[in-house]
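Residue numbers (the numbering used here), protein chains in the order written: chain A, 17 to 460; chain B, 33 to 294. Worksheet for the structure shown next.
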Amino acid sequence: MSYLPQILFLACLAAAGFFIYRRVNLIKRTILIGKDTGPMGQKGERLKTMLLVAFGQGKMFSKPLVGLMHFIIYAGFLIINIEVLEIILDGILGEHRLFAPLLGSTLYSALINFFEFLAVGVLVVCVVFLARRNVLNLSRFKRWEMKKWPTLDANLILVFEIILMAAFLTMNATDSILQTRDVPHYPPVGAFVFSQFLIPLFDGMGTEALVALERGAWWFHILGILAFAIYVTYSKHLHIALAFPNTYFSNLKPKGHMENMPTITNEVKIALGLMNPNDAPPADTNMTFGAKDINDLTWKQLMDAYSCTECGRCTAQCPASQTGKHLSPRAIMMETRDRLEDVGKELQKGKSVEEALNNGKTLFGDFITKEEIMACTTCNACVEACPVNISPLSIILDVRRFITMEQADTPSSWNAMFGNLENNMAPWKFSPSDRFNWADKLKD
Amino acid sequence: MSENTYKVPTMAELQAKGEQPEVLFWVGCAGAFDDRYKQVTVAFVKILNKVGVNFAVLGTEENCTGDPARRAGNEFLFQMQAMSNIQTLDMYGIKKIVTACPHCFNTLKNEYPELGGNYEVIHHSTFLQQLIDEGRLKVEGGAFKGKKVTFHDSCYLGRANGVYEAPREVIKALDADLVEMKRCRTKGLCCGAGGAQMFKEPEEGKKDINIERIEEALETEAKVVAVGCPFCMVMMTDGIKNKEKEGEVMVYDLSELILKSM
Ligand code: SF4
Ligand code: SF4
Chain A
17 MSYLPQILFL ACLAAAGFFI YRRVNLIKRT ILIGKDTGPM GQKGERLKTM LLVAFGQGKM
77 FSKPLVGLMH FIIYAGFLII NIEVLEIILD GILGEHRLFA PLLGSTLYSA LINFFEFLAV
137 GVLVVCVVFL ARRNVLNLSR FKRWEMKKWP TLDANLILVF EIILMAAFLT MNATDSILQT
197 RDVPHYPPVG AFVFSQFLIP LFDGMGTEAL VALERGAWWF HILGILAFAI YVTYSKHLHI
257 ALAFPNTYFS NLKPKGHMEN MPTITNEVKI ALGLMNPNDA PPADTNMTFG AKDINDLTWK
317 QLMDAYSCTE CGRCTAQCPA SQTGKHLSPR AIMMETRDRL EDVGKELQKG KSVEEALNNG
377 KTLFGDFITK EEIMACTTCN ACVEACPVNI SPLSIILDVR RFITMEQADT PSSWNAMFGN
437 LENNMAPWKF SPSDRFNWAD KLKD
Chain B
33 MSENTYKVPT MAELQAKGEQ PEVLFWVGCA GAFDDRYKQV TVAFVKILNK VGVNFAVLGT
93 EENCTGDPAR RAGNEFLFQM QAMSNIQTLD MYGIKKIVTA CPHCFNTLKN EYPELGGNYE
153 VIHHSTFLQQ LIDEGRLKVE GGAFKGKKVT FHDSCYLGRA NGVYEAPREV IKALDADLVE
213 MKRCRTKGLC CGAGGAQMFK EPEEGKKDIN IERIEEALET EAKVVAVGCP FCMVMMTDGI
273 KNKEKEGEVM VYDLSELILK SM
């Protein structure tokens, strides 16, 4: 009988582990549909970027107050994990507050007090964030791409965290009372700094009811955390894990640089007589120019999509979004992710990658529209603004390459510009021999 | 110095004499063909002459860098332009390039190396700042002394390449009162012309981007909007016309501001 809770706990833990493993595996498989990026190098610089942008939340502080509040949730999340470790070990071993004798009661209380401090911090910030999302009329939370699910997702996470923290504090408060009643299993470690204020709420209860409440809160807290961990893998909240690899692999070149297309370089060299056609590596006849679907993007661009927090900082800076065009860099990331999820569903049915991609849909056309792609000024404001170094622009440009080179579906004024470049080596219709006329009145 | 004592040597002329310039001035298509930006080209050449910089241009041998083609997704066309430019530049053994166009600057600096063209490339704002710092160019207390000037960050100079301070240093050297727009530096709002938008109508929306930007510029009450890019020049000038502020608020390139203060 006394082993039942332990067995139950292990079963829950194993089940959560299984679901998370399966889900992470699927995400990994869909990301790896992307093309290789080639060697990235610069390990030191990458590590620095990750420490600064993800670990240190460097870009979040461009809005200092929100940056600070987000930092509280983030620090709370990281540090409270130590406490989760204790809970998990307690659950497996059938112990209670396993770390207390190991650390000594002074140090242990100090630690739990610190956790409580963080828990209260997280709770307060989550309430503020909920209010900010739902009461304040911030346009970036209300745009067209923030349909039902993205908005619900954001709210669910905040509510989840509030409940988890409340359970944690309830657990500690009831525990402190039980300690004073000499109930076995509750070693005396004293009341804690914040939960002590909850004691009057529960003080009148009988010991048995208190034990039930304490156990209830304990189970609720840990099961909640496990459920949350599974939920995260389906949510924009995946950024809590992916922000790290995503910033590590971020683009270190100047933002103005556009990826080269080496296959075209060979063709151009042959056309200009700079390369012998026999020396060129055989061209891949199946290759698409630009991106029509997720397998035309790189794994990094696909990881970007899963890392997106849907915060909309990109969209708030985007000149096209700000002037009412149907382009939102956040939506580009969400649409890419939707397509990844769509293909992931097919993979889950046991299909091969090729079959999964051939489900009658493509990224461009079914998820991303031409209007969005054409409205971009390539200004890099979205890239600059993104707190996890995502580049919506790189996806936009790859899709644009597809529209131009594979579909030749460009506006007629662009076609005219192309024609001028081809014939006059200038985007306007001027004769190349007139190119130096500007100097006429300067020359002697 | 009278008008006709300015020199605009071409690389072909210098090569014939067996000479190599200190720097190649890359004029760009707008600098060569756009009526308004031709004035900027001329202003910059006058400065180079006055300071005594040993420079040259390619003249008719220059082609478009290919930036608009690449941004519009036409990689073939881009690489054709780029390759033939690299051939010309390498034939003349060019090492250092200065240009008054951030798009040319970005492409030459960041995108030509992958195609085999390696040069030291700087934007004219940095070049002017260096001339000022070295004491070769003196401008204190010129025509814009004490006047409110605002600077519009070009995307391809600022965010794309991290050049934010050089143009501001140049404006400060004029003893002008530099006032910033609400969205500046890393947060600067695009003029709306980048990414080959210059060559097409904007997509449907509530407003044109350049109008949004010029409103912000006008809010600063500056009498001069300083730019460092031919496309920004067009967009800001159109914005001013739209707001019927011509003659009241001027759009100038950095080199024009310097020349007027020399
Ligand atoms: S690069 Fe394109 S999508 Fe990104 S902010 Fe600029 S216009 Fe918007
Ligand atoms: S791309 Fe970056 S800035 Fe834009 S919504 Fe996603 S996380 Fe936020």
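From the three backbone atoms N, C-alpha and C, an ideal C-beta is built for every residue, glycine too. Just so you know, these numbers come straight off a predicted model, no measurement behind them.
Query                                                                                                                                                                                       : Result
Taking DSSP as the reference, what is the three-state secondary structure of residue 259(A)?                                                                                                : helix
Which full runs of the beta strand (DSSP E) of 3+ residues lie inside the region 193–240 of chain B, going along the chain?                                                                 : 209–211
With 16 other CB atoms within 10 Å as the buried threshold, where does residue 23(A) fall?                                                                                                  : exposed
Taking CB distances under 8 Å as the criterion, tell me whether residue 213(B) reaches chain A.                                                                                             : no
Measuring only the C-alpha atoms, how far is residue 125(A) from residue 192(A)?                                                                                                            : 11 Å
Do you know how far the Cα of residue 248(A) is from the Cα of residue 178(A)?                                                                                                              : 15 Å
Quick one: what does DSSP say residue 340(B) is sitting in, helix, strand or coil?                                                                                                          : The displayed coordinates of chain B run from 33 to 294. Any statement about residue 340(B) would go beyond what the structure contains.
Which of helix, strand or coil does DSSP assign to residue 322(A)?                                                                                                                          : helix
My assumption, with CB atoms under 8 Å, is that residue 287(B) sits in contact with residue 132(B). Please give the rounded CB distance.                                                    : 7 Å
Roughly how many whole angstroms lie between the Cα atoms of residue 79(B) and residue 454(A)?                                                                                              : 16 Å
Measuring from the CB of residue 257(A), is there a heavy atom of ligand 1 at a distance below 7 Å?                                                                                         : no
For residue 181(B), does the three-state DSSP call read helix, strand or coil?                                                                                                              : strand
Which runs of the alpha helix (DSSP H) fall wholly inside the region 108–147 of chain B and span at least 4 residues, in chain order?                                                       : 134–138
Can you round the beta-carbon distance between residue 383(A) and residue 307(A) to whole angstroms, since I take them to be within the 8 Å contact cut?                                    : Not really, about 12 Å apart at Cβ, beyond 8 Å.
So if DSSP puts residue 154(B) in a beta bridge, which residue, or which two residues, is it bridged to?                                                                                    : 130(B)
Check whether the Cβ of residue 101(A) sits closer than 7 Å to any heavy atom of ligand 1, and report yes or no.                                                                            : no
If you follow the alpha helix (DSSP H) that residue 265(B) is part of, which residue opens it and which one closes it?                                                                      : 262–274
Quick one: what's got a C-beta closer than 8 Å to residue 52(B)'s C-beta in the same chain, skipping five residues either side?                                                             : 46 and 125
Going by DSSP, what residues sit across from residue 354(A) in a beta bridge?                                                                                                               : The partner list for residue 354(A) (beta bridge, DSSP) is empty, contrary to what the question assumes.
Leaving out five residues on either side along the sequence, give the residues of the same chain with a beta carbon under 8 Å from the beta carbon of residue 353(A).                       : 321, 322 and 324
Could you name each continuous alpha helix (DSSP H) segment of 4 residues or more that falls completely within the region 172–216 of chain A, going from the start of the chain to the end? : none
Alpha carbon to alpha carbon, how far is residue 62(B) from residue 262(B)? Give it in angstroms, no decimals.                                                                              : 6 Å
State yes or no: is the beta carbon of residue 340(A) nearer than 8 Å to at least one beta carbon in chain D?                                                                               : The displayed structure is made up of protein chains A and B, and chain D is not among them.
Between the alpha carbons of residue 117(B) and residue 223(B), how many angstroms are there, rounded?                                                                                      : 28 Å
Mind the definition here: the region 217–231 of chain B touches the region 264–275 of chain B only if three or more C-beta pairs lie below 8 Å; say whether that holds.                     : yes
Which of the three DSSP states, helix, strand or coil, is assigned to residue 11(A)?                                                                                                        : Here chain A covers residues 17 to 460 and nothing more, so residue 11(A) does not appear.
Tell me where the alpha helix (DSSP H) around residue 188(B) begins and ends.                                                                                                               : From DSSP, residue 188(B) is part of no alpha helix (DSSP H); its letter is neither H nor E.
Nearer than 7 Å: is that true of the beta carbon of residue 406(A) relative to any heavy atom of ligand 2?                                                                                  : yes
What number of angstroms, rounded off, separates the C-alpha of residue 281(A) from the C-alpha of residue 201(B)?                                                                          : 39 Å
Using 10 angstroms around the beta-carbon of residue 279(B), count the other beta-carbons present and answer buried if the total reaches 16, otherwise exposed.                             : exposed
Can you grab the Cα-Cα spacing for the pair residue 47(A) / residue 360(A), in whole Å?                                                                                                     : 10 Å
Establish whether the CB of residue 416(A) and some CB of chain B are separated by less than 8 Å.                                                                                           : yes
Compare the C-beta of residue 449(A) with all C-beta atoms of chain B and state if any pair is closer than 8 Å.                                                                             : yes
Please report the straight-line C-alpha distance between residue 440(A) and residue 69(B), rounded to a whole angstrom.                                                                     : 19 Å
For residue 268(B), would you say it is in contact with chain A, using Cβ-to-Cβ distances shorter than 8 Å as the test?                                                                     : no
Just list the residues that DSSP pairs residue 380(A) with in beta bridges.                                                                                                                 : 384(A)
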